[in-house]
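Novice: Under full-length UniProt numbering, the first residue of the sequence shown carries the number 1, and numbering increases by one thereafter.
We put the beta carbon where it would ideally sit given N, CA and C, even for glycine.
The structure is given below, and queries will be raised subsequently.
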Amino acid sequence: MNYNSCPFIIDWNEDGKKDLMTGEQSPMSGNAGNIRLYLNEGTNEAPAFGDYSLINAGGSPIYIYRVNPVVYDLNMDGRKDLIVGNSNGQVYFYKNSGTNAAPQFNTTRDTLKTRDGVTIDVSVGSRIHFVDWTGDGDLDMLISGYDGFVELYENSSITGVEDRETQTIFLAGLDISPNPITENALFAYSLERPTYVVVNIYSVDGRLVAAPISQFETRGQHQFIWQGRDAQGRTLPVGIYHVSLTADSETTTKSIIITR
1 MNYNSCPFII DWNEDGKKDL MTGEQSPMSG NAGNIRLYLN EGTNEAPAFG DYSLINAGGS
61 PIYIYRVNPV VYDLNMDGRK DLIVGNSNGQ VYFYKNSGTN AAPQFNTTRD TLKTRDGVTI
121 DVSVGSRIHF VDWTGDGDLD MLISGYDGFV ELYENSSITG VEDRETQTIF LAGLDISPNP
181 ITENALFAYS LERPTYVVVN IYSVDGRLVA APISQFETRG QHQFIWQGRD AQGRTLPVGI
241 YHVSLTADSE TTTKSIIITR
């Protein structure tokens, strides 16, 4: 590992094991830095890491000076994205155009801004962390810089219980009740015509945790009960999850909050 390493733990390839991602300052590439990925070849209880690979964008390694990576589904499309802080104090967003098991990023990146269009900038050395700081059911962003201060950017774009997209296949959008949930949730929706339906549930970092529905359904009203468990039947931890309902290539999404 080189200078200014910044680790982040994430199941990168969706094999159920925690992998290690690190940003670094690379002495071999001047004022730049790489993002290393170490896949876990052991278990979650006893991780074992072999050689590393570099995270690419557009087929080439990402080179950003003193890069600090975080993986999070920023645009809530069900796929993990890459968000990085760096030496210039700004925060870059790389949208995942691949899958959760094999993320892909283009060379084009966005610089994060506030709702007023002001670039988020801590002058030097941005490091970021997403957490529900205000306890309102959505993730806020904490960002620090070399000056030693920590700034809070409150997320006001997500209410936690709202449709992001409603298409013509759905006579009524996805309804989840209660929300937040402590145990069971009733999912209800209506279809305009017979079609194949898929319901997926993702963690905030874009990892698929449950797929309660994947079947052909008739026109009309449908509902099912989800018990807050993952695909292996394990109780999911407290937190925010994103639900996607897809039919005829049209998708509507909602957020669901699990409390205990």
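If you follow the beta strand (DSSP E) that D19 is in, where does it begin and where does it stop?
Specialist: D19 to Q25
Novice: Quick one: using the 10 Å Cβ neighbour count with 16 as the cut-off for buried, is T159 buried or exposed?
Specialist: Here T159 scores only 33 on pLDDT, less than 50, and its place in the model should not be relied on; the value that follows carries that caveat. The residue is exposed, with fewer than 16 neighbouring Cβ atoms inside 10 Å.
Novice: In the DSSP output, what is Q232 paired with across the bridge?
Specialist: None; Q232 has no bridge partner.
Novice: Should Y38 go down as buried or exposed, given a rule of 16 or more other Cβ atoms within 10 Å for buried?
Specialist: buried
Novice: Buried or exposed for L139, going by 16 or more other Cβ atoms inside 10 Å?
Specialist: Result: buried.
Novice: Determine, using beta-carbon pairs with one atom in the region 232–247 and one in the region 95–109, whether at least three such pairs fall under 8 Å.
Specialist: Fewer than three beta-carbon pairs drawn from the region 232–247 and the region 95–109 are found closer than 8 Å, and the two stretches are therefore not classed as touching.
Novice: Can you tell me whether DSSP reads I104 as helix, strand or coil?
Specialist: What sits at residue 104 in the sequence shown is Gln, not Ile. Of the three classes helix, strand and coil, the one that applies to Q104 here is coil, per DSSP.
Novice: What's the gap between the Cα of Y117 and the Cα of E24?
Specialist: Note on residue identity: the sequence assigns Gly, not Tyr, to residue 117. The straight-line gap from Cα to Cα measures roughly 29 Å.
Novice: In the structure shown, what three-state DSSP assignment does Y202 receive?
Specialist: strand
Novice: Short check: CB of T218 to CB of P180, under 8 Å?
Specialist: no
Novice: With DSSP run on the structure shown, which of helix, strand or coil describes R127?
Specialist: strand
Novice: Using the C-alpha atoms, what's the distance from D110 back to A185?
Specialist: 36 Å
Novice: How is the beta strand (DSSP E) around T253 delimited, first residue to last?
Specialist: Run containing T253: E250 to I258, per the beta strand (DSSP E) assignment.
Novice: Whole angstroms is fine: what's the gap from P61's alpha carbon to S123's?
Specialist: 25 Å
Novice: Keeping to the same chain, check which residues put their C-beta closer than 6 Å to that of E14; ignore five residues upstream and five downstream.
Specialist: N100 and A101
Novice: For D11, which residues from the same chain have a beta carbon less than 8 Å from its beta carbon, with the 5 sequence-adjacent residues on both sides left out?
Specialist: K17, K18, D19 and R207
Novice: Within the same chain, show all residues whose beta-carbon is closer than 6 Å to that of M76, passing over the 5 residues directly before and after it, in chain order.
Specialist: So the list reads H242, once near-sequence residues are dropped.
Novice: Might you give, ordered along the chain, the residues of its own chain that have their beta carbon closer than 6 Å to the beta carbon of F224, omitting 5 neighbours on each side?
Specialist: F187
Novice: For F149, count neighbouring Cβ atoms within 10 angstroms of its own Cβ and tell me buried if that reaches 16, exposed if not.
Specialist: exposed
Novice: Just how far apart, CA to CA, sit L82 and A32?
Specialist: Rounded to the nearest whole angstrom, the C-alpha separation of L82 and A32 is 17 Å.
Novice: Using only CA atoms, which one of F49, N86, A46 and A48 lies nearest to Y65?
Specialist: N86
Novice: Bridge partners of T195, per DSSP?
Specialist: E217
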